[in-house]
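Here's the structure we're looking at; comments come further down.
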Amino acid sequence: MHVSRTLLFCLTLATLLLTPFAQASDAFPGSSSFSSASNSSALLTPQQQTFLPVHQAYQLRATYLPGEQTLLQLSWTIAPDYFLYQHAFKVELNGTALPLELPAGKAKYDELLQRDVVLYRDLFTLSVNLPADTALPTVLQVHSQGCADAGLCYPPQVELVSIDSAGITSISLPAGPAPSARPERNSSLPGNPLSLLGALLAAVLGGALLNLMPCVFPVLSLKALSIAGSHQSAHSLHKHGWSYTAGAVTTFTAIAALMLALRASGEAIGWGFQLQNPVFVALLVYLFLLMSLNLLGFWQVGHRFSGAGQSLTEGHSLRASFFTGALATLVASPCTAPFMAGALGYAITQTPWVALGVFAALGFGMALPYLLLTYSPALTRRLPKPGAWMETLRQLLAFPLLLTALWLLWVAGRQTGSDGLVAILCGALALGFAIWLWQHQPRRRWQQFIAIAALLAALWPLASLETTPVQASESHDWQPYSDQRLQELLQQRQPVFVNLTADWCITCLANEKSALDTETTVAAFRDAGIVRLKGDWTNYNPEITGLLAQFDRSGVPLYLLYNGAPGSPPLILPQILREKTVLEAINQVAPYN
Numbered sequence: 009m010h011v012s013r014t015l016l017f018c019l020t021l022a023t024l025l026l027t028p029f030a031q032a033s034d035a036f037p038g039s040s041s042f043s044s045a046s047n048s049s050a051l052l053t054p055q056q057q058t059f060l061p062v063h064q065a066y067q068l069r070a071t072y073l074p075g076e077q078t079l080l081q082l083s084w085t086i087a088p089d090y091f092l093y094q095h096a097f098k099v100e101l102n103g104t105a106l107p108l109e110l111p112a113g114k115a116k117y118d119e120l121l122q123r124d125v126v127l128y129r130d131l132f133t134l135s136v137n138l139p140a141d142t143a144l145p146t147v148l149q150v151h152s153q154g155c156a157d158a159g160l161c162y163p164p165q166v167e168l169v170s171i172d173s174a175g176i177t178s179i180s181l182p183a184g185p186a187p188s189a190r191p192e193r194n195s196s197l198p199g200n201p202l203s204l205l206g207a208l209l210a211a212v213l214g215g216a217l218l219n220l221m222p223c224v225f226p227v228l229s230l231k232a233l234s235i236a237g238s239h240q241s242a243h244s245l246h247k248h249g250w251s252y253t254a255g256a257v258t259t260f261t262a263i264a265a266l267m268l269a270l271r272a273s274g275e276a277i278g279w280g281f282q283l284q285n286p287v288f289v290a291l292l293v294y295l296f297l298l299m300s301l302n303l304l305g306f307w308q309v310g311h312r313f314s315g316a317g318q319s320l321t322e323g324h325s326l327r328a329s330f331f332t333g334a335l336a337t338l339v340a341s342p343c344t345a346p347f348m349a350g351a352l353g354y355a356i357t358q359t360p361w362v363a364l365g366v367f368a369a370l371g372f373g374m375a376l377p378y379l380l381l382t383y384s385p386a387l388t389r390r391l392p393k394p395g396a397w398m399e400t401l402r403q404l405l406a407f408p409l410l411l412t413a414l415w416l417l418w419v420a421g422r423q424t425g426s427d428g429l430v431a432i433l434c435g436a437l438a439l440g441f442a443i444w445l446w447q448h449q450p451r452r453r454w455q456q457f458i459a460i461a462a463l464l465a466a467l468w469p470l471a472s473l474e475t476t477p478v479q480a481s482e483s484h485d486w487q488p489y490s491d492q493r494l495q496e497l498l499q500q501r502q503p504v505f506v507n508l509t510a511d512w513c514i515t516c517l518a519n520e521k522s523a524l525d526t527e528t529t530v531a532a533f534r535d536a537g538i539v540r541l542k543g544d545w546t547n548y549n550p551e552i553t554g555l556l557a558q559f560d561r562s563g564v565p566l567y568l569l570y571n572g573a574p575g576s577p578p579l580i581l582p583q584i585l586r587e588k589t590v591l592e593a594i595n596q597v598a599p600y601n
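Counting in my numbering, the sequence shown runs from 9 upward without gaps.
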């Protein structure tokens, strides 16, 4: 009892200490325009760090120098504590990149880009040789990208240098970055406010809150039911708690390692990427269907399969606890809980070992409620003794699992269309037939062969599953997101709200239902003249993945509110939305519209 009280005290203390960090990680550091707005909501409080507008941080001058070799001299005055990347410079004339001889700069190893880079500070001058047949007037496109030492990086910039017939130059500043441009580092968040210790604690708390997800709670209930039915010794319960924890930590770490490896190889993916694969989703449908049928008594696991099926459902072995923790992780990993955003944002900007440590803490946090239960003698003593009630509860728990399977089936249908949905349903039917035939007594050899054939038939349709474009819903005034559409609106100084979501993200769906698509908020967006863009990440989308990367996010949801002012960064809303929070954010934008 003393141990459980100590753990609970530490958890409560960590929650109180980390509340400011969670709020900070979910709110964007406002520009000067946003900072002067009302901050009545703690969830929308901007960070105190401010940054110069991009064209104040990097002031460009151009000089035309005719002669035997016609030159265009470009000079940047760079503000203190800011720098420009050498590799980002490009000068184009009529769509053709001109050769550049870049001077030496300061070499530095960039931890995020994982490579050596060259930086320019203070004053930087670049001389560009213009082709001999260049006719005036003409316009050149000058590409660059810079960052601040405090952690913020601006999107790649494109400035137009015009040279008139008299050789006089002028520079025009576009309203936003080039539509196809994508920053190579964080273009939104100044230095992450979390330290390593803060990120680890935030990950533990975020993982604990994942247990409230509808798809995870039934799995956790199964383990609680196993405790009620076993009445094991305290030492045995402790071992089961740690086995469950090991399963959660191992699976979280394995998924994170795969994600980091793919990102290092050049793949632009984020957290929850596994549910963008319809084959993986279909296999989860089969798994939850099997578990549901098992709880309903449709089939019982025999000794031959006790190492697989029973390990994932109701066994009392340590292996059963381990695989239950792994299963809970698989179904919870796509969603994001409070405190997770800051922790994951911190993780993906660190070295692989630090990142894996943060993800391991996330798995530990997810297993923590069950672990605390095994260390609480008072709670275990209050569990009712085994009896007929357990069979009723066991069957009752099958229905949340069936509901989870139904939700995953809907996700697969959105990913693959009606043909893919029918293929998965046929596979599920074949799977059910295979189990029924295998369990049927007396069991004959020909039955076993047919059952195996039916099992293979259940897996066969998965090989042909292909994703189809998911159309963002245009109801409630939503328009499909694209980089081009966003830049068009920003160049028109139009306020924009961007909703990055996915059908497999329960948090996203709940936010839309309770906060974004209510009559009050829809009317408020419309009255404020804010265009609403929805980016659907149910299937892989490189533009949405790139936008997430801009803001150091590895998964959805992400909510961005642009006020329409040129060069002004967006306000980031929390990942758990309330209607009041959204309305307050809209009120902050209204004065600039």
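Think of the CB as a built atom: it goes at the ideal place given N, C-alpha and C, for glycine as much as any other residue.
Boundaries (first-last residue) of the beta strand (DSSP E) holding A70: The residue given as residue 70 occupies position 62 in the sequence shown. Boundaries of the beta strand (DSSP E) harbouring A70: Y66 to L73, taken from the DSSP string.
DSSP three-state assignment for F132, whether helix, strand or coil: Here residue 132 refers to the residue found at position 124 when the sequence shown is read from its first residue. If DSSP states are grouped into helix, strand and coil, F132 belongs with the strands.
P74 burial status per 10 Å Cβ neighbour count (16 or more: buried): Mapped onto the sequence shown, residue 74 falls at position 66. By the neighbour-count criterion, in which a residue is buried when 16 or more other Cβ atoms sit within 10 angstroms of its Cβ, P74 is exposed.
Range of the contiguous beta strand (DSSP E) that encloses L168: Your numbering for residue 168 matches position 160 in the sequence shown. First-last of the beta strand (DSSP E) with L168: Q165 to I171.
Length at least 4, wholly inside the segment 391 to 437: the alpha helix (DSSP H) runs in chain order: Correct list: 396 to 404.
Cβ-based burial, G184 [other Cβ within 10 Å; buried from 16]: Stepping through the sequence shown from its first residue, residue 184 is reached at position 176. Only weak support exists for where G184 lies, its pLDDT of 41 falling under 50; the value from the coordinates is given anyway. With 16 or more other CB atoms across the displayed protein chains lying within 10 angstroms of its CB, G184 is buried.
Separation of A510 from L417, as counted between CA atoms: In the sequence shown, residue 417 corresponds to position 409, counting from 1. In the sequence shown, residue 510 corresponds to position 502, counting from 1. Whole-angstrom Cα-Cα distance: 14 Å.
Bridge-paired residues (DSSP) for F306: Mapped onto the sequence shown, residue 306 falls at position 298. Bridge partners of F306: none, in fact.
Cutoff 7 Å; reference C516; Cβ partners in own chain excluding five residues on either side: For the purposes of this step, residue 516 is taken as the residue at position 508 of the sequence shown. Its chain contains T509, A510, V564 and P565 as the residues whose beta carbon lies nearer than 7 Å to that of C516, once the 5 sequence neighbours on both sides are disregarded; these appear in chain order.
Top-ranked residue by Cα proximity to F533, from A65, V257, Q456 and Q502: As a first step, residue 533 must be located in the sequence shown, where it is residue number 525. Minimum Cα distance to F533 is reached at Q502.
Whether F347 touches G214 by CB criterion (8 Å): Working through the sequence shown from its first residue, we reach residue 347 at position 339. Working through the sequence shown from its first residue, we reach residue 214 at position 206. Cβ atoms of F347 and G214: closer than 8 Å.
Sheet register partners of G543 (DSSP bridge): What you label residue 543 is simply residue 535 of the sequence shown in a count that begins at 1. Per DSSP, L508.
Per-residue burial, R561 [other beta carbons within 10 Å of its own, 16 or more giving buried]: In the sequence shown, residue 561 corresponds to position 553, counting from 1. Buried, by the Cβ-count rule.
Residue environment, I171, which counts as buried when at least 16 other CB atoms sit within 10 Å: Looking up residue 171 in the sequence shown gives position 163. Buried is the call here.
As assigned by DSSP and simplified to three states, the class of N137: Locating residue 137 in the sequence shown gives position 129, counting from the first residue. In the three-state DSSP reduction, N137 falls in the strand class (E or B).
Within-8 Å CB hit, A140 to chain B: The structure shown has no chain B; it contains just one protein chain.
Residues of its chain near A523, where Cβ-Cβ distance is below 8 Å and the 5 sequence neighbours each way are ignored: To locate residue 523, count along the sequence shown from 1; it is residue 515. Result list for A523: T529, L585, R586, E587, T589 and V590, in chain order.
For V289 and G283, the rounded distance between their alpha carbons: Counted from its first residue, the sequence shown places residue 283 at position 275. Counted from its first residue, the sequence shown places residue 289 at position 281. The question names Gly, but residue 283 in the sequence shown is Leu. In a straight line, the C-alpha of L283 is about 6 Å away from that of V289.
T259 versus Y378: straight-line alpha-carbon distance, rounded: Taking the sequence shown and counting its residues from 1, one reaches residue 259 at position 251. Taking the sequence shown and counting its residues from 1, one reaches residue 378 at position 370. T259 and Y378 have their C-alpha atoms roughly 16 Å apart.
Counterpart residues of P488 in DSSP-defined beta bridges: Against the sequence shown, residue 488 aligns to sequence position 480. According to DSSP, P488 shares a beta bridge with K542.
Closest Cα partner of V166 within the set Q81, L68 and S241: Your numbering for residue 166 matches position 158 in the sequence shown. That would be L68, whose Cα lies nearest to the Cα of V166.
Straight-line gap, C434 to N547 (C-alpha atoms, nearest Å): Residue mapping note: residue 434 aligns to position 426 of the sequence shown, counting from 1. Residue mapping note: residue 547 aligns to position 539 of the sequence shown, counting from 1. In this structure, the straight-line span from the alpha carbon of C434 to that of N547 is close to 22 Å.
Nearest-angstrom Cα separation, counted from V126 out to K114: Residue numbering aside, residue 114 sits at position 106 when the sequence shown is read from its first letter. Residue numbering aside, residue 126 sits at position 118 when the sequence shown is read from its first letter. One C-alpha to the other measures close to 5 Å.
Bounding residues of the alpha helix (DSSP H) (the contiguous stretch that carries T146): Taking the sequence shown and counting its residues from 1, the one referred to as residue 146 is at position 138. Not the alpha helix (DSSP H): T146 falls in the beta strand (DSSP E), residues T146 to S152.
C-beta atoms of G249 and F330 nearer than 8 Å: Position 241 of the sequence shown, counting from 1, holds the residue named residue 249. Position 322 of the sequence shown, counting from 1, holds the residue named residue 330. Taking 8 Å as the Cβ cut-off, G249 and F330 do not qualify as a contacting pair.
With 16 other Cβ atoms within 10 Å as the buried cut-off, status of P550: For this step, residue 550 is matched to residue 542 along the sequence shown. Exposed.
Where A557 falls, given that 16 or more other Cβ within 10 Å makes a residue buried: Locating residue 557 in the sequence shown gives position 549, counting from the first residue. A557 is buried by the Cβ-count criterion.
For S244, the three-state DSSP class (helix, strand or coil): Translated into the one-based positions of the sequence shown, residue 244 becomes position 236. Correct three-state label for S244: helix.
Candidates N507, A431 and I514, of which the one nearest L568 by Cα: Locating residue 568 in the sequence shown gives position 560, counting from the first residue. Closest by alpha carbon: N507.
Cβ-based burial, Q423 [other Cβ within 10 Å; buried from 16]: What you label residue 423 is simply residue 415 of the sequence shown in a count that begins at 1. A residue is called buried once 16 or more other Cβ atoms fall within 10 Å of its Cβ, and Q423 is buried on that count.
Exposure of F457, with buried meaning 16 or more beta-carbon neighbours within 10 Å: Translated into the one-based positions of the sequence shown, residue 457 becomes position 449. By the beta-carbon neighbour count (other beta carbons within 10 angstroms, threshold 16), F457 is exposed.
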